[in-house]
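The next block holds one structure in the form of structure tokens; read it before the comments.
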Amino acid sequence: MFTIYIRIEPSSSVPIYRQIIDQIKYQVATGSLREGDKVPSVRELASNLAVNQNTILKVYNELCRENVLKIERGDGTYVSSNKQNIPSAERKKIVANVLREAVIQAIQLDVSLEQASELLKEEYEAIKSERNK
Amino acid sequence: MDKNMIEIEGLKFSYGKDEVLRGVNLQVPEGSIFGFLGRNGAGKTTTIKLLLGLLKPNGGFCRIEGIDPQKDAIQARRIVGYMAEDQQMYGWMRVEQIVKWVASFYPGWDDKFTNHLLDMLELPRKSKVKSLSKGQNSRLALLLALGHRPKVVILDDPTLGLDPIARKEFLRYVIGLLQTNGVTVFFSSHLLYEIEPVADYVAILDKGTIIKAGRTFDWRESVRKIILNTSENNFSKIEGILDVSKMGERVALTVENCSTEKIGKIKASYGGFARETGLNLDEIFEAYVIGNRGEVSGI
């Protein structure tokens, strides 16, 4: 069983079911959830997050429709897609959101675009080589 | 989920000259978690006491699975589990004693289930009630409300005074223990962010009437904020306008039952459309309860 770490922001104007969908997609896109991983049942995730079961049911149904998850009858729910199944535009959006924070920091700390790009490249190479080991 | 477990119609109640409920209407579908929201003093606890037959209404009625608690309070109490606001329990009793004592009032008390709950809720059987923490106290009150396997559980502000961790833990039990078993839950609170994740339905009680009731999910989708750049001051013509606020030339309209079509109409008739956003539940609550319904003075 794969535990999914989800953080719900109650003061957000984004509906809760949408927050959960986005976070599961994010985890699939970044590889922390991988194809074939079993996700918790509706009941388990609902109890764990203290969120209504019908909300989780809606989340799973939508993710199944988008081929991110698949239900194996009588067995459970699994991650069906790898990140390639998530549209490239959506994957870029996820990265852009994270980068925005880094850019704000860079500007505040007077790190130039060239310097920041160089850092991004270094980090990218380092993590990639680590994942390939 | 078509059958209603709780039905309240035209319920009125006054304390002397003070009219607390002015005709409350509510339907709580079987198996749902129903969030009953209102500010302090809105009449939530009064409604609950009427539901339990602890007070006599001045008008209207309520039914729990068809039973009128005014006529048959005992029968009603057999199918209802009730956790009072800030429930007081005999502090000198030990946990297992108070369980036995409460059990003696109910012919249908389930000892095996209660034993299981004592373990699950991590309640120390031999401890004195007065020595329990706030979190343990509320878990014990929940256990006492559930021991006779009720079909309906009424929780009156159950998380009052709990810290955020204990509160979340309590809500986990509401989902894992009650929703899983198809129990109907009627849950009052003044904390919107607490109700939203757990409730199928939410109703707002304000000044003795229900000003909004519906599926939690629809609320978020249908109430929108529309920002316009306009010098117009009067928006009372917009159907479902909940709040208008103005800063300079910028007007923020909060509108209920919003469809793409409706937003299109507003854009066309006022012009200067800037953007449209959703609101969080607190903002929605505020718009319903203290919203300015139409006219703003030019600042």
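Chains D and G supply the protein sequences, listed in that same order.
According to our numbering, the first sequence is numbered sequentially starting from 185.
According to our numbering, the second sequence is numbered sequentially starting from 829.
Heads up, the beta-carbon is just placed ideally off N, CA and C, and yes, glycines get one too.
Predicted, not measured: the structure shown is a model, and the values here were computed from it.
- Cβ neighbours of Q964 of chain G within its own chain (closer than 7 angstroms, five residues either side excluded): L951.
- Per DSSP, I982 of chain G is one residue of the beta strand (DSSP E) stretching across V980 to D984.
- Counting along the chain, no beta strand (DSSP E) covers C248 of chain D; the unbroken alpha helix (DSSP H) around it starts and ends at Q237 to R249.
- In this structure, V852 of chain G lies away from T987 of chain G, with their beta-carbon atoms at least 9 angstroms apart.
- The residues V981 and V1013, in chain order, have a CB closer than 7 angstroms to that of L1006 of chain G in the same chain once the five nearest residues on each side in sequence are set aside.
- For Q1007 of chain G, at least one C-beta of chain D is nearer than 9 angstroms to its own C-beta.
- Beyond the five residues adjoining it in sequence on each side, T1058 of chain G comes within less than 8 angstroms, by CB distance, of E1077, V1079, Y1098, G1099 and G1100 in the same chain, given in chain order.
- Under DSSP, V287 of chain D takes part in no beta bridge, so it has no partner.
- Judged by DSSP secondary structure, P857 of chain G falls outside any alpha helix (DSSP H) and instead within the beta strand (DSSP E) spanning D846 to P857.
- For chain D, the residues of the segment 1020 to 1042 of chain G that bring a beta carbon within less than 9 angstroms of one of its beta carbons are L1020, Y1021, E1022, E1024, P1025, V1026, A1027 and D1028, in chain order.
- Nearest to A973 of chain G by alpha-carbon distance, out of G:K996, G:M911 and G:Q915, is G:M911.
- Between the alpha carbons of D1071 of chain G and T1044 of chain G lies a distance of about 20 angstroms.
- In summary, the residues of the segment 1106 to 1127 of chain G whose CB is separated from some CB of chain D by less than 9 angstroms are G1106, L1107, N1108, L1109, D1110 and E1111, in the order they occur in the chain.
- Look at T1044 of chain G: its C-beta is under 9 angstroms from a C-beta on chain D.
- Neighbours of R1048 of chain G in chain D, taken as residues at a C-beta separation under 7 angstroms, are given in chain order as P199.
- Residues of the same chain with a CB within less than 8 angstroms of the CB of I205 of chain D, apart from the 5 flanking positions on each side, are V243, E246 and L247 in chain order.
- Per DSSP, the unbroken beta strand (DSSP E) holding L1056 of chain G starts and ends at R1052 to N1057.
- Membership of D1071 of chain G in the beta strand (DSSP E) is indicated by the continuous run I1069 to M1075.
- When beta bridges are read from the DSSP output, Y308 of chain D appears opposite no residue.
- A Cβ-Cβ contact shorter than 9 angstroms links I200 of chain D with P1025 of chain G.
- Cβ contact annotation for G863 of chain G (same chain, cutoff 6 angstroms, sequence separation greater than five): F1015, I1023, A1027 and V1030, in chain order.
- Boundaries of the beta strand (DSSP E) around T1105 of chain G: F1101 to G1106.
- For the segment 848 to 861 of chain G, residues whose beta-carbon sits nearer than 7 angstroms to a beta-carbon of chain D comprise I861.
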